[in-house]
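Chains as they are written, first to last, in the numbering used here: chain A, 480 to 703; chain B, 480 to 703. Here's the structure, in structure tokens; my notes come after.
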DNA sequence: CGATCCTTTGAAGGACGTCAAGGTCTGTGG
DNA sequence: CCACAGACCTTGACGTCCTTCAAAGGATCG
């Protein structure tokens, strides 16, 4: 089994943020760039900032002590992540590809919420959306077969990207760790969907996918 | 595979609430009693009330079209459930045993939250706690082995009940559908923990359990 | 005390994981 | 421009953990 290893000698969040913006430290809104695979924050670290993806993609995950990994969510452009009710982050997050994020001091957001009920409401709304996603994902992880999981994943990406052609930023291993499978099983499921005419590959990598038959794709993940 | 069937000819929430209290309909707080296996509300129904368990236990679950079931949470005494950000309930909930719930009009709660920031905060806090539980459960469902899941379940129940002796209200099938396993696998895992001296049964049913060795139980679910 | 429900246990099967090999694409340096 | 290395994906063979199927033993309740 492939095992992820938690880097123990990592600088803290603030230290690992390489400045790529000219904004002053006291200003609330700053943009930062992360290289592919760079950690944005680690599970258990103090939650200082809230983040929004401007370009790229982010994975957030938990590890077991022996290196098994479960990705809880992918954050795509415009998605907000890193919001916590407690003092600490509950996931580790990494840039899947080169990624630009905008960050807000959690503190200032909290203050804003105190004064503005609309901010408070959107905070609740955001948390609720995350909860709903997690609830759906529990059903997937607990009860769906491999093909159903992959079909559901493709539909989710299809829905979220809005474009006709899926250009997945993440590799098969990431998909596998999101779906609770191995990368080989993901590959086999994608192959099967391909051979059944549900999708085709465009470009030279296998990450650019066009859904040919949405109805049939749906039929592989009958939820209701 | 055992398949659950969704009862289509069920009365709506209000209709199915048998009055067991003398409070007037206009009063906000009412108590209701549900028999074992009685549905409290169904997935997709309008969310009219928010509930708190006074006695008994509740399971909330989602079904796939072919009857596979995933229980997202058990609600024990004092737990609040049925809070939704949207208009509809996202789970079906049933009484695991004879259960008394206290219910509040969602509407009035929302109004209260508008005026009182403390209510608003506790609403967010509650939602966050549910999210955190779901996040942990995704890791369990996606990456843990059968014994690890059962060990984690027993630890969760141990933590939540506070008493020395676990008196599980739910059967093996419910536990299985919570852990993404079959009831046979749950039974085997419990048997194994029993034979290894981690727990013992008290009383005549196999639902009353005393944890003999918390340290060893912990070792079956090394998360970090 | 028979009927039903719940749980345990055994045996067999299957879906997914593991291991391994080979292919494609990319980047780098000769 | 080509050789080579490395990352990533696919595919096959085999193994294993969990499911499925089956039977039997308590517990509860009429």
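We put the CB at the ideal spot given by N, CA and C, even for glycine.
>> For residue 538 of chain A and residue 640 of chain B, I'd like the C-alpha separation in whole angstroms.
In response: 35 Å
> What residue range is occupied by the uninterrupted beta strand (DSSP E) comprising residue 567 of chain B?
Replying inline: Run containing residue 567 of chain B: none; DSSP gives neither H nor E here.
> Exposed or buried, what is residue 571 of chain A when buried is set at 16 or more other beta-carbons lying within 10 Å of its beta-carbon?
Replying inline: buried
>> Closer than 8 Å between beta carbons: that is the criterion. Which residues of the stretch 676-699 of chain A meet it against chain B?
In response: none
> Three or more C-beta pairs closer than 8 Å, one from the stretch 553-561 of chain B and one from the stretch 633-648 of chain A: is that the case here?
Replying inline: no
>> Would the stretch 573-590 of chain A count as touching the stretch 580-590 of chain B if we require 3 or more Cβ pairs under 8 Å?
In response: no
> Relative to the C-alpha of residue 650 of chain A, which residue among A:665, A:680, A:638 is closest?
Replying inline: A:665
>> Taking the straight line between their C-alpha atoms, what separation do you get for residue 594 of chain A and residue 530 of chain A?
In response: 21 Å
> What in chain B is Cβ-close to residue 599 of chain A, meaning under 7 Å?
Replying inline: 599
>> When you compare the CB of residue 702 of chain A with every CB in chain B, is at least one pair closer than 9 Å?
In response: yes
> Which of the residues in the stretch 605-627 of chain A, read from start to end, lie with their CB under 7 Å from any CB of chain B?
Replying inline: 606, 607, 609, 610, 611, 613, 614, 616, 617, 618, 620, 621, 622
> What are the residues that DSSP puts in a beta bridge with residue 525 of chain A?
Replying inline: A:567
> Is the distance from the Cβ of residue 516 of chain B to the Cβ of residue 586 of chain B below 9 Å?
Replying inline: no
> From residue 567 of chain A to residue 521 of chain B, what distance separates their C-alpha atoms?
Replying inline: 35 Å
>> Buried or exposed, going by whether 16 or more other CB atoms sit within 10 Å of the CB of residue 503 of chain B?
In response: At residue 503 of chain B the pLDDT is 37, less than 50, meaning the model places this residue with poor confidence; the figure from the coordinates comes in the next sentence. Residue 503 of chain B should be labelled exposed.
>> Residues of chain B with CB closer than 9 Å to the CB of residue 564 of chain A, please, in chain order.
In response: 603, 604, 606, 607, 608, 610, 611
>> As a quick exercise: from B:589, B:669, B:644, B:605, pick the residue whose alpha carbon is nearest that of residue 626 of chain B.
In response: B:669
>> Between A:532, A:613, A:687, A:675, which has its C-alpha nearest residue 642 of chain A's C-alpha?
In response: A:687
>> Counting only C-beta atoms, is residue 520 of chain B closer than 9 Å to chain A at any point?
In response: no
>> Are the CB atoms of residue 608 of chain B and residue 543 of chain A within a distance shorter than 9 Å?
In response: no
>> Give me, in chain order, the residues of the same chain whose beta-carbon lies closer than 7 Å to that of residue 612 of chain B; leave out the 5 immediate sequence neighbours on both sides.
In response: 552
>> According to DSSP, simplified to helix, strand and coil, what is residue 621 of chain B?
In response: helix
> Which residues, in chain order, does the stretch 656-674 of chain A contribute to contact with chain B at a C-beta distance below 7 Å?
Replying inline: 659
> Going by other Cβ atoms of all chains shown within 10 Å of its Cβ, with 16 needed for buried, is residue 541 of chain B buried or exposed?
Replying inline: buried
> Between residue 628 of chain A and the rest of its own chain, which residues show a CB-CB distance below 6 Å, the 5 nearest in sequence each way excluded?
Replying inline: 619, 658
> Expressed to the nearest angstrom, what Euclidean distance is found between the alpha-carbon atoms of residue 532 of chain B and residue 556 of chain B?
Replying inline: 5 Å
> Taking 9 Å as the CB-CB limit, is residue 543 of chain B close to chain A?
Replying inline: yes
> Unbroken alpha helix (DSSP H) runs of length 4 or more, entirely within the stretch 630-661 of chain A: which are they?
Replying inline: 651-658
>> Output needed in chain order: residues of the stretch 555-579 of chain B with a Cβ under 7 Å from some Cβ in chain A.
In response: 564, 569
> Interface residues of chain B around residue 551 of chain A at Cβ under 7 Å?
Replying inline: 614, 617
> In chain B, which residues lie less than 8 Å from residue 538 of chain A when you measure between Cβ atoms?
Replying inline: Correct list: empty, because the minimum Cβ distance to chain B is about 13 Å.
> Would residue 647 of chain B count as contacting chain A if we go by Cβ distances under 9 Å?
Replying inline: no
>> Give me the chain B residues within the contact set of residue 547 of chain A, using Cβ-Cβ distance strictly less than 9 Å, ordered along the chain.
In response: 618, 621, 622, 623
> How close, in whole Å, do the beta carbons of residue 576 of chain B and residue 523 of chain B come, if the pair is a contact with beta carbons under 8 Å?
Replying inline: Not confirmed; about 25 Å, so no contact.
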